[in-house]
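First to last, the protein sequences are chains A and B. One point on numbering: in our numbering, the residue at position 195 of the first sequence is 195, and numbering is uninterrupted. One point on numbering: in our numbering, the residue at position 14 of the second sequence is 262, and numbering is uninterrupted. So the structure is just underneath, and the comments pick up after that.
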Amino acid sequence: MSAGRDRRRMRVGFEMAIREFVREPINVALLVALPPVMITSYGSMMSAFPELSYMSTAPETLGSIAGTLFVAAFLPGVIGLFQVISARRADDRLALAGFPRSALFAARLLAVTLASVLTATLSISVLSTQTAVEAPIPAVLVLAFVGVLYGLLGMSIGTVLPRELEGSLVLIFLADMDEALASGIVDTDSPLTKLFPLHYPHEVFQAAVDGSPIALGDVLAASLYGVVLSVVTLGAYEAVTARGGEGR
Amino acid sequence: MGDASDGDGASSPMAAEAVLRASGLRKTYGNRLPFGRTVEVLTGADIEIRAGEVVGIVGGNGSGKSTLMKILVGALDADAGTVETSGRVGWCPQDELLYDRLTVRETFRLFGEGYGMDADDVESARDWLASTLDFADYLDYRIDHLSGGNRQKVNLSVALMHDPDVLLLDEPYTGFDWETYLAFWDLNEELKAQGTAVAIISHLINEQERFDRILELADGTLTDVTDDGSSQAGDAGVR
């Protein structure tokens with residue numbers, strides 16, 4: 001198999017994944033409407049929250065930041081989930097035709113990455129109307145990274161639990177709990193919270209918004225998390241889908 | 249039933265090499281939950297299909313025809329048994345396994361990439377099939393905007409576009425109008441003449457003369473009923 005053919009397959013797979021996505025109006029509507037709704041709602045809800053001693057940021061700002069991270073994670077997560085589930089049986093046929101599973105996976109992940117960048121850019125724009133973002137470029141980058149992380153999680157969930165309703169529920173509970181723990185709204189010292197996907201990205205994002213120095217350790221830990229999750233997701237995808245379409 | 253010789257000097261399918269051979273296929277659908285049902289579908293099915301041969305596979309509802317075909321094509325793992333194929337395989341599943349929001353043209357392009365075809369080959373195969381099966385006017389329609397019959401034409405065409413050596417068709421003419429049904433059989437004759445092996449699953453076979461052999465799947469095994477008659481077809485009174 002030539003590298004040229006691999007690249008062409010990836011390009012065609014990516015192009016088709018994008019076409020499939022944008023031709024579902026609800027997808028585009030969610031992508032545009034959810035960031036402003038979630039970020040302003042989280043900020044408004046938290047404005048009524050008392051400023052407790054362990055909080056380093058005002059509750060309203062904390063809420064806006066939490067809403068931004070939540071939407072940047074949840075939307076690409078759902079997209080990843082639906083990319084895997086909705087086309088599952090057609091993907092099986094395409095793979096039987098000779099389209100490599102790894103190329104199919106990469107094409108879907110690229111589509112999720114594009115959605116992550118769009119969501120991150122829109123989310124930062126909305127957050128900027130709520131609070132000052134001191135370092136917008138690192139902030140966008142970390143939000144896009146969060147989108148890819150959750151996109152991978154969505155693809156993993158869709159692979160092992162190929163049901164749209166149940167998969168979406170798992171994803172929404174995970175993202176909500178994850179961001180609540182990472183944001184500092186809940187005062188907890190449990191080391192287990194560091195195992196959640198948003199723990200380190202939240203630290204980096206908070207620093208980018210505040211303008212405080214970004215800790216290299218947080219960046220490395222988040223990157224390592226991303227690498228491990230990519231490998232696990234690809235492994236699960238190839239292992240489960242290789243068993244045969246109806247065998248799952 | 250078609251003659252073993254096609255009358256134009258081509259060699260008999262009965263003497264041709266086997267392009268698909270499966271033996272001892274077993275498949276049981278289990279249930280991991282307690283008190284769930286276990287269904288034994290295939291109990292040692294054997295099949296051999298030769299180049300240029302058109303084989304019909306009949307059987308009652310739930311007899312395991314589609315399971316057999318999925319195993320033959322590699323879409324489903326058998327519990328036991330072996331499948332050997334030589335050459336390219338084309339598969340037309342019973343359900344249209346296509347991308348709903350892609351157009352017909354895009355569908356050909358995507359599956360053409362899967363088959364490793366060049367853009368020119370994809371285009372010529374697409375145009376020939378669209379003309380033969382009469383869906384040329386719908387190339388820019390999304391799959392989910394097509395009628396059931398046109399979707400089935402595209403479903404079949406995706407199985408044919410790479411000029412396979414073995415063609416496995418599961419209820420391929422469901423939803424076809426009469427003209428398309430006849431066009432399908434003309435196409436089938438062309439494929440047969442060029443040496444393509446074709447296996448067609450159907451609930452009912454009502455034009456027996458179009459097939460070289462008819463196999464009946466019952467109780468998990470295949471029996472050649474070409475001369476004896478199929479109980480399925482016989483019960484339905486359509487032979």
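Built from N, CA and C at the ideal position, the CB exists for glycine as well.
Kindly indicate which residue of the options has the alpha-carbon position closest to the one of residue i.
i: D425 of chain B; options: B:T471, B:T291 and B:K401; result: B:K401
i: T315 of chain B; options: B:L346, B:R349, B:R274 and B:R390; result: B:R274
i: F107 of chain A; options: A:D176, A:A87 and A:I65; result: What sits at residue 107 of chain A in the sequence shown is Ala, not Phe. The shortest C-alpha separation from A107 of chain A is found at A:A87.
i: L96 of chain A; options: B:R336, B:Q456, B:E301 and B:D460; result: B:R336
i: N436 of chain B; options: B:G423, B:T469 and B:D460; result: B:D460
i: R390 of chain B; options: B:P412, B:G300 and B:L346; result: B:L346
i: S2 of chain A; options: B:G272, B:R458, B:G300 and B:E361; result: B:E361
i: T351 of chain B; options: A:L229, A:A17, A:Y225 and A:A207; result: A:A17
i: Y225 of chain A; options: A:V209, A:D6, A:P197 and A:T241; result: A:P197
i: V209 of chain A; options: A:Y237, A:P76, A:S44 and A:T68; result: A:T68
i: V28 of chain A; options: A:I39, A:V78, A:P59 and A:G4; result: A:V78
i: R324 of chain B; options: B:N309, B:V303, B:D366 and B:T276; result: The question names Arg, yet the displayed sequence has Leu at residue 324 of chain B. Per the Cα distances, B:T276.
i: M38 of chain A; options: A:R19, A:R7, A:P76 and A:V126; result: A:V126
Check residue i in the structure and name its three-state DSSP category.
i: V32 of chain A; result: helix
i: S395 of chain B; result: coil
i: E464 of chain B; result: strand
i: V170 of chain A; result: helix
i: I449 of chain B; result: strand
i: V306 of chain B; result: strand
i: S86 of chain A; result: helix
i: R8 of chain A; result: helix
i: D251 of chain B; result: Low confidence applies to D251 of chain B: its pLDDT is 39, below 50, so where it sits in the model is not reliable, and the reading given next is rough at best. Coil.
i: E288 of chain B; result: strand
i: V473 of chain B; result: coil
i: G364 of chain B; result: coil
i: E164 of chain A; result: helix
i: S271 of chain B; result: strand
i: R23 of chain A; result: coil
i: R390 of chain B; result: strand
i: V186 of chain A; result: coil
i: L377 of chain B; result: helix
i: T121 of chain A; result: helix
i: L345 of chain B; result: coil
i: T351 of chain B; result: strand
i: I65 of chain A; result: helix
i: F459 of chain B; result: coil
i: T113 of chain A; result: helix
i: E203 of chain A; result: helix
With DSSP as the reference, identify every bridge partner of residue i, one or two as the case may be.
i: A48 of chain A; result: According to DSSP, A48 of chain A bridges with nothing at all.
i: R298 of chain B; result: B:A266
i: T195 of chain B; result: Here chain B has residues from 249 to 487 only, and residue 195 of chain B is not among them.
i: L415 of chain B; result: B:G338 and B:V446
i: Y277 of chain B; result: B:V287
i: T333 of chain B; result: B:L268
i: L72 of chain A; result: According to the sequence shown, residue 72 of chain A is Ala rather than Leu. BP columns for A72 of chain A are empty, so no partner.
i: A293 of chain B; result: B:L273
Counting only the same chain and skipping the five closest in sequence on each side, list residues whose C-beta sits under 7 Å from that of residue i.
i: K313 of chain B; result: I305, G307, I449 and L465
i: I157 of chain A; result: L81, G167, V170 and L171
i: S311 of chain B; result: L465 and A466
i: A120 of chain A; result: A72, V140, L143, A144 and G147
i: V117 of chain A; result: A144
i: T422 of chain B; result: Q400
i: W433 of chain B; result: R458
Tell me which residues share the same chain as residue i and place their Cβ nearer than 6 Å to its Cβ, disregarding the 5 neighbours each side in the sequence.
i: T471 of chain B; result: E464
i: D218 of chain A; result: Y200, E203 and V204
i: R374 of chain B; result: F356
i: F359 of chain B; result: V406
i: F74 of chain A; result: A175
i: E344 of chain B; result: R399 and N403
i: I214 of chain A; result: V204 and A207
i: D251 of chain B; result: The predicted position of D251 of chain B is uncertain, since its pLDDT is 39 and thus under 50; no value can be drawn from it.
i: A264 of chain B; result: R298, A299 and G300
What does a CB cutoff of less than 8 Å around residue i pick up in its chain, not counting 5 residues either side in sequence?
i: A270 of chain B; result: A293, D294, I295, E296, I319, L320, G329, T330, V331 and E332
i: T193 of chain A; result: L181, A182 and H199
i: D368 of chain B; result: none
i: L387 of chain B; result: T351, V352, R353, R374 and A378
i: L234 of chain A; result: S102 and F105
i: N279 of chain B; result: R285 and T286
Can at least three beta-carbon pairs, one atom from the region 124-139 of chain A and one from the region 149-162 of chain A, be found at a separation below 8 Å?
Taking one beta carbon from each stretch, the region 124-139 of chain A and the region 149-162 of chain A have fewer than 3 pairs nearer than 8 Å; the two do not touch.
May I ask you to verify whether the region 10-18 of chain A touches the region 97-116 of chain A, counting CB pairs closer than 8 Å and requiring at least 3?
A contact exists between the region 10-18 of chain A and the region 97-116 of chain A.
The region 391-410 of chain B touching the region 373-383 of chain B, judged by at least three CB pairs closer than 8 Å
Segments in contact, yes.
Going along the chain, which residues of the region 343-362 of chain B sit with their C-beta nearer than 7 Å to a C-beta in chain E?
Of the chains in the structure shown, none is chain E; the protein chains are A and B.
So, does the region 92-102 of chain A touch the region 28-47 of chain A, judging by three or more C-beta pairs under 8 Å?
With a cut-off of 8 Å, the region 28-47 of chain A and the region 92-102 of chain A do not count as touching, because too few Cβ pairs lie within range.
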